[in-house]
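A short write-up of the structure that comes next.
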Amino acid sequence: MSISTNSINCGDDLTPAENGVNGDAISLDDDGQFDGKNSESITDQQQLKEFREKFAKMEMELKMAKLELENKALEQKLKHQELMVEQKTLKEKGTKIEQEKEKNAILPNLSPSEEMSVLIARIAELNRAKTIEPSVASSAEVFGQDGYDWHHLNNLTIGNTKGRDHCVSDHLKVILERIGEIEKQQQQQSKAAEERFLQSQNNQKKILKKIFSELEKQTRKKALFRKNCWNSFACHKDIEIIGDKSLIVHHKGNLSGSRCSVVAKYPIVLNKYLSDFFYYEISVQKKRTFCVSFGFADKQQTELDGIILCEKGTYTYESDSDIWINGKRNGTNAEYSYGVGDTVGIGVHSATRQMIFTKNGLLLDTADFLFDPSFADGSFYPFVTLFGSGDKIEANFGPNFKFDLETL
């Protein structure tokens, strides 16, 4: 059964083509086609409305299908682009690794300090590379707001970042290990240099000590070979100087207990800037009851009419075991006493003012005896004083002493 075109008023909404070609009749069955049997129960307006809704729905489904195909095509295109970028990144990374290998091959030719500077610069470069990350993941989050599925692309980006971080960390670890080795080498070299420096200092000290020792020996020899003798013009009238070398002194007076002194022809000169060492000995040939004394005296004491007393300006060693320092008694020790057949000596170091006293070639324990530091630098004369008539001594101003000065 057919319905004529005049029975449905399509108005201006449908074209003749939508109503039917050339005005032919249109029928719908249960699937949506017009059926002439139901046309009388359905108004023309309701049929037209249903037709429009179904048509719009079909058109929307078609658009969605087309849009989905476009989205899939775009996703495939983006995946392809990402793979191309990843391939390019890997290629660049391989190039950088080769360059790093070339740099590492050059490093052994550098000095430790230069190599350290290069490695520190590389650490800074790696740290910068680690902090400058691609913005693909952030872009994925932005595109995700539009409803697209970028989960796979985001995972790929994260995987690439982790791989790059792992590579950077490995390279950084190698550099840090190399820096540790360089620092260890530098510490060893520094320690070795310090040991060499200390060894050199010790060697220098030994050399200087040896030089000073030799100078000291030469100084002592200088003192030993300084010719001296007793001065016949600076002695008591009862003193007799015997021998062509003027070294023997004899008390020729008739009275026992009368002091008679004589001084040497040449003085010793004390100066704190000189390292001269002055020493001489006397040997007792004759001695009666009274004392014999000898030592050093300043010029003022030598002008007292041939009698030198144990007063200020004198440093004296007496046969009764007394030692006088600048006119003051500094103790008595029975072991210090001497008599006929004994050889005793007295000496002083110009710079240190240290005095020594010897007996029969042995050094006496007189380390605390010093020339008075308050006493001015100046000249001091060796002297000897005899107390008894007939007393006789012989002086030795060097070089062959009974006491070995080399033992000092």
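Residue numbers for the sequence shown follow my numbering, beginning at 61 and rising by one. Don't be surprised by glycine CBs; every beta carbon is placed ideally from N, CA and C.
Worksheet item: Are the beta-carbon atoms of Lys447 and Arg319 separated by less than 8 Å?
Response: Looking up residue 447 in the sequence shown gives position 387. Looking up residue 319 in the sequence shown gives position 259. One point to set straight first is that residue 447 is Phe, not Lys, in the sequence displayed. Contact: yes.
Worksheet entry | Distance between Ile299 and Asn262 (C-alpha atoms, nearest Å) | By 1-based counting over the sequence shown, the position of residue 262 is 202. By 1-based counting over the sequence shown, the position of residue 299 is 239. Their backbone Cα atoms lie some 56 Å apart in a straight line.
Discussion item. Closest to Glu466 by C-alpha separation, out of Lys325, Ala294, Val309 and Tyr339, would be which residue?
Written reply: Within the sequence shown, numbered from 1, the residue matching residue 466 stands at position 406. When each option's Cα is compared against that of Glu466, the closest is Tyr339.
Worksheet item: What residues in its chain sit with their C-beta under 8 Å from that of Leu307, if we drop five residues either side in the sequence?
Response: Residue mapping note: residue 307 aligns to position 247 of the sequence shown, counting from 1. Excluding positions up to five away in sequence, the list reads Cys289, Trp290, Glu454, Ala455, Asn456 and Phe457.
Worksheet entry | Distance between beta carbons of Tyr398 and Lys419, contact taken as under 8 Å | Translated into the one-based positions of the sequence shown, residue 419 becomes position 359. Translated into the one-based positions of the sequence shown, residue 398 becomes position 338. Their Cβ separation, rounded to whole angstroms, is 6 Å, which keeps Lys419 and Tyr398 in contact under 8 Å.
Worksheet item: Using the beta-carbon count (16 or more within 10 Å), is Phe94 buried or exposed?
Response: Stepping through the sequence shown from its first residue, residue 94 is reached at position 34. Summary for Phe94: the model assigns pLDDT 47, below 50, so the residue's position carries little reliability, and this model does not support an answer.
Practice prompt. Could you check the C-alpha separation between Thr412 and Ala253 for me, to the nearest Å?
Written response: For the purposes of this step, residue 412 is taken as residue 352 along the sequence shown, with counting starting at 1. For the purposes of this step, residue 253 is taken as residue 193 along the sequence shown, with counting starting at 1. Their backbone Cα atoms lie some 37 Å apart in a straight line.
Worksheet item: When the distance is taken between beta carbons, is Lys346 closer than 8 Å to Val400?
Response: In the sequence shown, residue 400 corresponds to position 340, counting from 1. In the sequence shown, residue 346 corresponds to position 286, counting from 1. Yes, the Cβ-Cβ distance between Val400 and Lys346 is below 8 Å.
Practice prompt. Identify, in the order they occur along the chain, each residue of the same chain with its Cβ nearer than 7 Å to the Cβ of Leu216, setting aside the five sequence neighbours on each side.
Written response: As a position in the sequence shown, residue 216 is number 156, starting the count at 1. Unreliable placement is indicated for Leu216, whose pLDDT of 48 sits below 50; the coordinate value is still reported in the next sentence. The answer, listed in chain order, is Glu142.
Worksheet item: For the region 325-366, which segments carrying the beta strand (DSSP E) assignment without a break, of at least 3 residues, lie completely within its bounds, in sequence order?
Response: 328-330, 337-346 and 352-358
Worksheet item: With a Cβ-Cβ cutoff of 8 Å, do Thr392 and Trp384 count as a contact?
Response: Locating residue 392 in the sequence shown gives position 332, counting from the first residue. Locating residue 384 in the sequence shown gives position 324, counting from the first residue. Not a contact, by the Cβ cut-off of 8 Å.
Discussion item. The beta strand (DSSP E) that contains Gly458, what's its start and end?
Written reply: Counting from 1 along the sequence shown, the entry for residue 458 is found at position 398. Taken as a continuous stretch (DSSP letters only), Gly458 belongs to no beta strand (DSSP E), as it is neither H nor E.
Fill in: Gly154 classed as buried or exposed, judged by whether at least 16 other C-beta atoms fall within 10 angstroms
Along the sequence shown, read from residue 1 onward, the residue named residue 154 stands at position 94. By the 10 Å Cβ count, Gly154 comes out exposed.
Fill in: Same chain, Cβ closer than 7 Å to Asp451, neighbours up to 5 away in sequence not counted
For this step, residue 451 is matched to residue 391 along the sequence shown. Here the set comprises His311, Lys346, Lys347, Arg348 and Val352.
Worksheet item: Rounded to the nearest angstrom, how far is the Cβ of Phe354 from that of Ile367, given a contact under 8 Å?
Response: Sequence index remark: in the sequence shown, residue 354 carries index 294 (1-based). Sequence index remark: in the sequence shown, residue 367 carries index 307 (1-based). Actually they do not touch by this definition, with Cβ atoms about 14 Å apart.
Fill in: As assigned by DSSP and simplified to three states, the class of Tyr396
Here residue 396 refers to the residue found at position 336 when the sequence shown is read from its first residue. Looking at Tyr396 - three-state DSSP - the assignment turns out to be helix.
Fill in: Proximity winner among Asp402, Gly407 and Leu369, relative to Arg389 (alpha-carbon distances)
For the purposes of this step, residue 389 is identified with residue 329 of the sequence shown, where counting begins at 1. The candidate whose alpha carbon is nearest that of Arg389 is Leu369.
Item to complete: Return the chain-ordered list of same chain residues with a C-beta closer than 7 Å to the C-beta of Lys305, the five sequence neighbours on each side being excluded.
Response: Position 245 of the sequence shown holds residue 305. For Lys305, where only same-chain residues beyond five positions count, the Cβ hits under 7 Å are Cys289.
Discussion item. According to DSSP, is Asp104 part of a helix, a strand, or is it coil?
Written reply: On the sequence shown, position 44 is the one that residue 104 refers to. Looking at Asp104 - three-state DSSP - the assignment turns out to be helix.
Worksheet item: His296 by DSSP, collapsed to three states: which one?
Response: Mapped onto the sequence shown, residue 296 falls at position 236. Residue state, collapsed to three classes: coil.
Discussion item. In whole angstroms, give me the CA-to-CA distance for Ser292 and Glu274.
Written reply: Along the sequence shown, read from residue 1 onward, the residue named residue 292 stands at position 232. Along the sequence shown, read from residue 1 onward, the residue named residue 274 stands at position 214. Those two C-alpha atoms are separated by around 36 Å.
Discussion item. If you reduce the DSSP assignment to three classes, tell me which class Leu468 lands in.
Written reply: For this step, residue 468 is matched to residue 408 along the sequence shown. In this structure, Leu468 counts as coil in the three-state DSSP scheme.
Practice prompt. Note down the Cα distance separating Leu422 from Phe257, rounded to an integer number of angstroms.
Written response: The count along the sequence shown starts at 1 and reaches residue 422 at position 362. The count along the sequence shown starts at 1 and reaches residue 257 at position 197. Distance between the alpha carbons of Leu422 and Phe257: 42 Å.
Worksheet item: Run through DSSP, which three-state label would Gly438 get?
Response: As a working mapping, residue 438 is identified with position 378 in the sequence shown. Gly438: strand per DSSP, three-state reduction.
Worksheet item: Alpha carbon to alpha carbon, how far is Ser250 from Phe461?
Response: Taking the first residue of the sequence shown as position 1, residue 250 is located at position 190. Taking the first residue of the sequence shown as position 1, residue 461 is located at position 401. Looking at the two C-alpha atoms, the distance is approximately 53 Å.
Worksheet entry | Rounded straight-line distance, which links the Cα of Glu152 to that of Ile242 | The residue given as residue 242 occupies position 182 in the sequence shown. The residue given as residue 152 occupies position 92 in the sequence shown. Approximately 30 Å between the Cα atoms of the pair.
Discussion item. Given this structure, state the Cα-to-Cα distance separating Ile416 from Gln264, to the nearest angstrom.
Written reply: The count along the sequence shown starts at 1 and reaches residue 416 at position 356. The count along the sequence shown starts at 1 and reaches residue 264 at position 204. Computed Cα separation, rounded: 30 Å.
Discussion item. Rounding to the nearest angstrom, what Cα-Cα distance links Glu378 and Phe431 in this structure?
Written reply: Residue 378 sits at position 318 when you count from the first residue of the sequence shown. Residue 431 sits at position 371 when you count from the first residue of the sequence shown. So the two alpha carbons sit approximately 17 Å from each other.
Practice prompt. Below 8 Å on the Cβ atoms is my guess for Ser449 versus Gly303; work out the distance and round it to an integer in Å.
Written response: Locating residue 449 in the sequence shown gives position 389, where the first residue counts as 1. Locating residue 303 in the sequence shown gives position 243, where the first residue counts as 1. Their Cβ separation, rounded to whole angstroms, is 20 Å, which puts Ser449 and Gly303 out of contact at 8 Å.
Worksheet item: So Ile267 packs on Met176, CB below 8 Å; how close in whole Å?
Response: Residue mapping note: residue 267 aligns to position 207 of the sequence shown, counting from 1. Residue mapping note: residue 176 aligns to position 116 of the sequence shown, counting from 1. Not really, about 37 Å apart at Cβ, beyond 8 Å.
Worksheet item: Rounded to whole angstroms, how far is the Cβ of Leu468 from the Cβ of Ser410, which I believe are closer than 8 Å?
Response: As a first step, residue 468 must be located in the sequence shown, where it is residue number 408. As a first step, residue 410 must be located in the sequence shown, where it is residue number 350. The pair is not a contact, with the Cβ atoms about 14 Å apart (cut-off 8 Å).
Practice prompt. Using only alpha-carbon positions, find the residue among Phe115, Ile406 and Thr362 that is nearest to Phe337.
Written response: Along the sequence shown, one-based indexing puts residue 337 at 277. Checking every option, the nearest Cα to that of Phe337 belongs to Ile406.
Discussion item. So, under 8 Å CB-CB, Gly438 and Asp380 are touching, yes? Tell me the CB distance rounded to an integer number of Å.
Written reply: What you label residue 438 is simply residue 378 of the sequence shown in a count that begins at 1. What you label residue 380 is simply residue 320 of the sequence shown in a count that begins at 1. Not a contact, Cβ separation roughly 29 Å.
Worksheet item: Which word fits Pro327, buried or exposed, when buried means at least 16 other C-beta atoms lie within 10 angstroms of its C-beta?
Response: Working through the sequence shown from its first residue, we reach residue 327 at position 267. That one is buried.
Practice prompt. Name the one or two DSSP bridge partners that Gln414 has.
Written response: In the sequence shown, residue 414 corresponds to position 354, counting from 1. Paired residue(s): Leu430.
Practice prompt. Note down the Cα distance separating Lys156 from Thr149, rounded to an integer number of angstroms.
Written response: Sequence index remark: in the sequence shown, residue 156 carries index 96 (1-based). Sequence index remark: in the sequence shown, residue 149 carries index 89 (1-based). Whole-angstrom Cα-Cα distance: 10 Å.
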